[in-house]
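Chains R and B supply the protein sequences, listed in that same order. Residue 87 in the UniProt record's numbering sits at position 87 of the first sequence, with consecutive numbering throughout. Residue 248 in the UniProt record's numbering sits at position 248 of the second sequence, with consecutive numbering throughout.
Number of protein chains: 2
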Amino acid sequence: MVRMWLNEPLSFGGQAAAPATPRQPRLSAATAPLTRSIEVVDEYGQRRSIRIPAERPLTVYVDKRELVTLMTLGAHPEWLVLGYLRNQRLVTSLDDIESITVDWDVGAAAVRTRGGLPDLEARTAQRVVTTGCGQGSVFGSLMDALDGITLSPDARLRQSQLYGILRAVREQDSTYKQAGSVHGCALFRGEELLLFVEDVGRHNAIDTIAGWMWLQGGELLRGDDKVFYTTGRLTSEMIIKAAQMGVPIVVSRSGTTQMGLEVAERMGLCAIGRATHTRFLCYTHPQRLVWDTPPP
Amino acid sequence: MVRMWLNEPLSFGGQAAAPATPRQPRLSAATAPLTRSIEVVDEYGQRRSIRIPAERPLTVYVDKRELVTLMTLGAHPEWLVLGYLRNQRLVTSLDDIESITVDWDVGAAAVRTRGGLPDLEARTAQRVVTTGCGQGSVFGSLMDALDGITLSPDARLRQSQLYGILRAVREQDSTYKQAGSVHGCALFRGEELLLFVEDVGRHNAIDTIAGWMWLQGGELLRGDDKVFYTTGRLTSEMIIKAAQMGVPIVVSRSGTTQMGLEVAERMGLCAIGRATHTRFLCYTHPQRLVWDTPPP
């Protein structure tokens, strides 16, 4: 599989490469096929060929110490690892990371830090097994992080922009359309699509976006003018991760859970679910939504 | 919230109580509301009342030592904890467990063992963060467990039985129909529904079934004549957990992932996906499926 070095942030189909900021971590640009063709037998007993998404283990080593194994589609492994470290609050400054090298031949991501990560042991000791579609693992007490976060009280989204977001997602070419069985997440500024990411795990997708934002820095790192879209349910971890990124408005094609709702309410985050075409439900903080375009 | 003691396995609406086996663990029967009503604002700016599923943290203590916190709907917390311990291979014999006491007032499940669990520390040290809808945590190397497992080579399912299974699931009264945002899992013998479980996390749902099977013992603990149904994707962990329960046929309303497919192929497990009404795709080991009822 292809490996190379980049001296500036990876650019992404459709997105412009962002200006390099000082002391950017060196990132490999590992690539691997995102789907594969398999043969199945249908309800008529007929053999058919379909595509399914790839799923591959990626074991993250921080300064040669094994941290975790992520199962991922593999579209943006370096951003995923970076965002994972950021969202788990294992790394607080991009500056602390010298390089991330992903090698699919061995399914490993080698993270080299500048001067090590303080008390990594302690921080990864506590486990909270959360919803996701099951028992998603969130290290440390992520909820604690929320106390330090205040989302911009002024952030607003117009209904017309929301419809623009839903249109952009519908029109996005995707692995889902080819192979199904992946979650999509997207970062918007108003209705402008900045980044669309898919993964077999939706937490990977949001972590990948977090990693990308961190790399871009500047205006793109700001959360207060951004909107986060996910195909997955608005579980507590999804809301927490959006809040950690400073994003005050989250839109989902799916519904919410009680914990997700409680966290969104508490954080002042506007959670919008069941959003398809012209339909949606605003679960929390409707003051952030401007009903300027009632559906026909 | 209600708490009481049972001296025999919990029975479940629609299922008959199973015969008590010797040295059954004492289980509390903690109950809590499964849905709650919330007010939302729809696309017309109109306030509406909808129901959402409950989601509550349940911290599991084994002999007063904190093990993990599960986020759950809360329908069958004692079976969930039991199945979690079983599927994580932290407990190998039902006999090792004296009691499981769930108290929703404090969100705690107190597991008392007979003589402690050997090297619990070591077994929970390794983390693999897996797909689920995100970063589901599977302690230890679950894959290792597979080497010890051989699924019955003779297990078969007729297409007519598969359609019976899909009909039973469609007709099942469910939290999903009321509130959405939950996963459903079910255990079948042929097309006979034995247990239907929903949870905010599908891993919780399958763990709950595993716990229930363990309690029932005898014919109901056997996996080889059972079929496992899930609304969720056939990820590797789902296939692994079904295989651990000795269940050779798994049916999903959703699709599969590459790892799920690879594990099913390797285990001789018949994985059927995209199954709704008369449609389905058989991903692996089609020899287990008897095409006796082609759709009209």
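Yeah, the Cβ is synthetic: ideal placement off N, Cα and C, and Gly gets one too. Note that this is a predicted model, so its numbers are computed, not measured.
Under a criterion of Cβ atoms nearer than 7 Å, the residues of chain R adjacent to B:Met259 are, in order, Glu55, Met71.
When R:Ala108, R:Val290, R:Leu261 are compared, the shortest CA-CA separation from R:Thr31 is found for R:Ala108. Distances from the CA of B:Trp79 to each of B:Thr230, B:Pro53, B:Gln216, B:Leu67 were compared; the closest alpha carbon is that of B:Gln216. Collapsing the DSSP output to three states places B:Met238 in a helix.
B:Glu191 places its beta carbon 9 Å or farther from that of B:Ser174. Around the Cβ of B:Tyr44, a 10 Å sphere holds fewer than 16 other Cβ atoms; the residue is exposed. At a beta-carbon threshold of 9 Å, none of the residues of chain R lie near B:Phe188; the nearest stands roughly 18 Å away. Selection R:Arg233, R:Met245, R:Ala243 evaluated against R:Ser252 yields R:Arg233 as nearest (Cα-Cα). For B:Gln178, the CB contacts under 6 Å within the same chain, skipping 5 residues up- and downstream, are Thr35, Arg51 in chain order. Distance between R:Arg274 and R:Asp154, taken at the CA atoms: about 24 Å. R:Pro286 sits away from R:Gly268, with the two beta carbons spaced by 9 Å or more.
For the region 153–180 of chain B, the beta-carbon criterion of a distance under 7 Å to any beta-carbon of chain R is satisfied by Gly180.
Of the other Cβ atoms in all chains shown, fewer than 16 fall within 10 Å of the Cβ of B:Glu171; this residue is therefore exposed. DSSP places R:Pro53 within a strand segment (E or B) once states are collapsed to three. As the crow flies, the alpha-carbon of B:Leu117 is around 30 Å from that of R:Pro57. Taking the C-beta atoms as reference points, R:Glu55 is found nearer than 9 Å to B:Thr257. Relative to the Cα of B:Leu162, the nearest Cα in the group B:Phe228, B:Gly184, B:Trp212, B:Val200 belongs to B:Phe228.
In the displayed model, B:Asp199 falls within a strand according to three-state DSSP.
In this structure, B:Leu194 keeps its C-beta atom at 9 Å or more from the C-beta atom of B:Lys241. Straight through space, the alpha carbons of R:Leu261 and B:Thr231 are spaced by roughly 23 Å. With a threshold of 16 other beta carbon atoms within 10 Å, R:Pro295 falls short and is exposed. Counting of Cβ neighbours within 10 angstroms places R:Pro33 among the exposed residues, the total staying below 16. The three-state reading of DSSP puts R:Ala75 in coil, since its state is none of H, G, I, E or B.
R:Gln88 is not a Cβ neighbour of R:Trp291, given a cutoff of 9 Å. Not one beta carbon of chain R lies nearer than 9 Å to the beta carbon of B:Thr31. Rounded to whole angstroms, the separation of the alpha carbons of B:Arg189 and R:Val111 is 48 Å. Contacts with chain B (Cβ-Cβ distance below 7 Å) from the region 268–293 of chain R involve Thr278, Arg279, Phe280, Leu281, Cys282, Tyr283, Pro286, Trp291, listed in chain order. Across the set R:Glu237, R:Trp214, R:Leu221, R:Ser28, the C-alpha of R:Glu237 shows the shortest separation from the C-alpha of R:Arg202. Per the coordinates, the alpha-carbon of R:Ser152 lies some 6 Å from the alpha-carbon of R:Asp224. For R:Arg114, no chain B residue has a Cβ inside 8 Å of its Cβ, as the nearest lies near 25 Å away. When DSSP states are grouped into helix, strand and coil, B:Leu194 belongs to the strand group.
Per DSSP, R:Lys177 is one residue of the alpha helix (DSSP H) stretching across 175–179. Minimum Cα-Cα distance from B:Thr150 among the listed residues B:Arg222, B:Val106, B:Asp103, B:Gly255 corresponds to B:Arg222.
Spanning the alpha carbons of R:Cys282 and B:Pro53 requires a straight line of approximately 16 Å. In the assembly as shown, R:Gly148 is an exposed residue. Its beta-carbon has fewer than 16 other beta-carbons within 10 Å. With contacts defined by Cβ atoms closer than 9 Å, R:Ala264 and R:Ile239 form a contacting pair.
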